[in-house]
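Asks: According to our numbering, the sequence shown is numbered sequentially starting from 247.
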Amino acid sequence: MKVIHLNNDNFKEAVSQKGKKVVVDFWAEWCNPCRMFGPIFEKTAENYQDENVVFCKANVDEAKDAAMEFDVMSIPTVALFQDGKVIRQKVGVMNEKALHDFIQE
């Protein structure tokens, strides 16, 4: 599954997709833990088999408004959205299994 890159212009529309869970990785290029987690997130997205789950990445420098609105204070932060609302979020690097479990909870 392809990862969608978000910014201030497309964020709200992306996380408000009806009937879908939207997983967002808030990150930044200057963040070393984010660079470690990025390939894990992308590999999980690539291997994920549920068409009702959408994977997105939001660079906090390009999606500042969204990061502020959803109280993203540390990165990487992964947030799970449904109908535009955060269901849950987690700060820090996760392995593939932990990310999968986070989505399935």
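Cβ coordinates follow ideal geometry from the N, Cα and C atoms, glycine included.
Buried or exposed: I321, going by 16 or more other Cβ atoms within 10 Å of its Cβ?
Replies: By the neighbour-count rule (16 or more Cβ atoms within 10 Å), I321 is buried.
Asks: Taking Cβ to Cβ, would you say R334 is nearer than 9 Å to A344?
Replies: No.
Asks: Which residue from G284, Q263, E351 puts its Cα closest to that of E297?
Replies: Of the candidates G284, Q263, E351, the one whose C-alpha sits nearest the C-alpha of E297 is Q263.
Asks: Whose C-alpha, out of Q295, K289, W273, F348, is nearest the C-alpha of A304?
Replies: Nearest C-alpha to A304: W273.
Asks: When the Cα of G338 is compared with those of K266, E351, F287, N253, which residue comes out closest?
Replies: When each option's Cα is compared against that of G338, the closest is F287.
Asks: Which value, in whole angstroms, describes the spacing of the CA atoms of D307 and D271?
Replies: C-alpha separation (whole angstroms): 13 Å.
Asks: Going by beta-carbon coordinates alone, are V300 and V332 separated by less than 9 Å?
Replies: It is not a contact, given that the beta carbons lie outside the stated cut-off.
Asks: Just list the residues that DSSP pairs F327 with in beta bridges.
Replies: Looking at the DSSP assignment, F327 forms a beta bridge with V268, V332.
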